[in-house]
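A.B. asks: In terms of our numbering, the sequence shown is numbered consecutively and its last residue is 311. The beta-carbon is built from N, C-alpha and C at its ideal position, and this holds for glycine as well. Structure below; questions to follow.
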Amino acid sequence: MLANVPQGRTLRDDAADLGWKPNHKFKGKLILTAADAAPVDLNGVTITVAGPLQDELQALQDMHDQWLRQRKADGTRPTASAMLAAFVDKSVPNLSSIVLLAECGGKTMLLTGDARGDKIIEGLETTGKLAKDETLHVDVLKVPHHGSDNNMETSFFERVTAGHCVFSGNGDHGNPERATLQMLLDARGVAEDYTTHQTYPIEEIDAGSEADWVKQQAKEANRAKPPKGGACGRIGRPTSRGWWHFSPTTRSWPLK
56 MLANVPQGRT LRDDAADLGW KPNHKFKGKL ILTAADAAPV DLNGVTITVA
106 GPLQDELQAL QDMHDQWLRQ RKADGTRPTA SAMLAAFVDK SVPNLSSIVL
156 LAECGGKTML LTGDARGDKI IEGLETTGKL AKDETLHVDV LKVPHHGSDN
206 NMETSFFERV TAGHCVFSGN GDHGNPERAT LQMLLDARGV AEDYTTHQTY
256 PIEEIDAGSE ADWVKQQAKE ANRAKPPKGG ACGRIGRPTS RGWWHFSPTT
306 RSWPLK
C-alpha cells in the first residue's frame, strides 16, 4: 500500500485534469465502512465497503499529522520515498486499506488490499454481510497483503471461504508466505473443492523470495549482528507432491 501513495496522488491529479470528481459514488467523501452505509452500484456491480473503519482512518490521519509536525520542527523537506519510510515499520497505513465486496450476476468477489484478517471480519460484520459466528462464501478471494502471514490467522479462512483464492505476491518480502497457505489448508483441508492461484509464475516467486532473503541477510551483516537464522523469504504451495520452500543452508528450493 505504501508504494501506491505516489500513484494515488497521480490518479487524483489526473482526475482533476479530466474534470472527474473523486469518490463521486460516495458524494466526494472518504470511502469507509459503517453500519448505516448503503452499497453503491457501479454499472451493474454492487459494491459494499467492508473497510476501513472510522477508527483506522483516524489513526492514519493522526500519524500523518504527527509526521507533518515533525517535518516542520526539523525544518526539512524529505522526499516522497523518505516520507514512506517513516511508515515502513508501522501497520497503520495497511490497516486503512479499502476492502470491497463486489457482487454481480450471482457471483461475489472480496477485494482485501493490505488489510488485516480480523479487521476484514469486523468490517463484514459491521455491514451485515457476515453474521456473528457465521461464515461467508465468495467466489473469489484476493488474499490480503499478497499472502503475508502477518495479516492472517487460520480463523479468517474458516469464517471467509472461497472457491478461488488469489495470491498476488511475487516473492518480495517473502510473500506469499508458506505459513499463510498452511493456514488455508488447515482451515479448508484437502477434501473441499477450492483452487489457489498465484498471479506470478512459481519460478519468479521463488527467485523473488531468494533475493529478498539475500537482501535481509545483507542488512543483518551491515548491522554487525549475527543472523537471526531461518529464511526471511519463503514460499509454500500445496501440490500433490508437497511444499516448496527456500533453504538458507543450501540456497536451494528442496521439496519438503
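Return yes when the Cβ of Leu108 is within less than 9 Å of the Cβ of Glu177, no when it is not.
C.D. replies: For the purposes of this step, residue 177 is identified with residue 122 of the sequence shown, where counting begins at 1. For the purposes of this step, residue 108 is identified with residue 53 of the sequence shown, where counting begins at 1. Their beta carbons are under 9 Å apart, which means Glu177 touches Leu108 by this criterion.
A.B. asks: Could you compute how far the alpha carbon of Ile175 sits from the alpha carbon of Asp241?
C.D. replies: Stepping through the sequence shown from its first residue, residue 175 is reached at position 120. Stepping through the sequence shown from its first residue, residue 241 is reached at position 186. Those two C-alpha atoms are separated by around 20 Å.
A.B. asks: Could you check what DSSP says for Gly74 in three-state terms: helix, strand or coil?
C.D. replies: Start at 1 with the first residue of the sequence shown, and residue 74 comes out as number 19. DSSP places Gly74 in coil when its eight states are reduced to three.
A.B. asks: Taking only the alpha-carbon atoms, compute the straight-line gap between Val104 and Trp75 and give it to the nearest angstrom.
C.D. replies: Looking up residue 104 in the sequence shown gives position 49. Looking up residue 75 in the sequence shown gives position 20. Each residue's alpha carbon lies about 21 Å from the other.
A.B. asks: Could you check the C-alpha separation between Val214 and His192 for me, to the nearest Å?
C.D. replies: If you number the sequence shown from 1, residue 214 lands on position 159. If you number the sequence shown from 1, residue 192 lands on position 137. Residue identity check: residue 214 is Arg in the sequence provided, not Val. The straight-line gap from Cα to Cα measures roughly 8 Å.
A.B. asks: Three or more beta-carbon pairs under 8 Å between the stretch 156 to 171 and the stretch 203 to 223, yes or no?
C.D. replies: Counting Cβ pairs under 8 Å, three or more are found: they touch.
A.B. asks: Please name the residue, chosen from Ala186, Ser151, Arg124, Val195, that lies closest to Ala157 on a Cα-to-Cα basis.
C.D. replies: Within the sequence shown, residue 157 is the residue found at index 102, counting from 1. Among Ala186, Ser151, Arg124, Val195, the Cα nearest to that of Ala157 belongs to Val195.
A.B. asks: Give the straight-line distance between the Cα atoms of Gly130 and Val154, rounded to the nearest whole angstrom.
C.D. replies: For this step, residue 130 is matched to residue 75 along the sequence shown. For this step, residue 154 is matched to residue 99 along the sequence shown. Computed Cα separation, rounded: 37 Å.
A.B. asks: Check whether the stretch 236 to 255 and the stretch 218 to 228 are in contact - that is, three or more C-beta pairs closer than 8 Å.
C.D. replies: Contact holds: three or more Cβ-Cβ distances are below 8 Å.
A.B. asks: Take the Cβ of Asp117 as the centre, count every other Cβ of all protein chains shown within 10 Å, and call the residue buried at 16 or more, exposed below.
C.D. replies: Counting from one through the sequence shown, the residue named residue 117 turns up at place 62. Exposed, because fewer than 16 other Cβ atoms sit within 10 Å of the Cβ of Asp117.
A.B. asks: Just to confirm, is the Cβ distance from Gly202 to Thr235 under 9 Å?
C.D. replies: Taking the sequence shown and counting its residues from 1, the one referred to as residue 202 is at position 147. Taking the sequence shown and counting its residues from 1, the one referred to as residue 235 is at position 180. A contact, by the Cβ cut-off of 9 Å.
A.B. asks: Using the DSSP secondary-structure output, state which residues sit across from Leu156 in a beta bridge.
C.D. replies: Position 101 of the sequence shown holds residue 156. Leu156 pairs with Thr103, Leu165.
A.B. asks: Quick test of your reading: Leu112 and Ser151, contact by CB under 8 Å. State the CB separation rounded to the nearest angstrom.
C.D. replies: Here residue 112 corresponds to residue number 57 of the sequence shown, with the count starting at 1. Here residue 151 corresponds to residue number 96 of the sequence shown, with the count starting at 1. Contact holds; Cβ gap of about 6 Å.
A.B. asks: From Ala93 to Leu87, what distance separates their C-alpha atoms?
C.D. replies: To locate residue 93, count along the sequence shown from 1; it is residue 38. To locate residue 87, count along the sequence shown from 1; it is residue 32. C-alpha separation (whole angstroms): 11 Å.
A.B. asks: Output the distance between the C-alpha atoms of Glu265 and Tyr255, rounded to the nearest integer angstrom.
C.D. replies: Taking the sequence shown and counting its residues from 1, the one referred to as residue 265 is at position 210. Taking the sequence shown and counting its residues from 1, the one referred to as residue 255 is at position 200. Distance between the alpha carbons of Glu265 and Tyr255: 15 Å.
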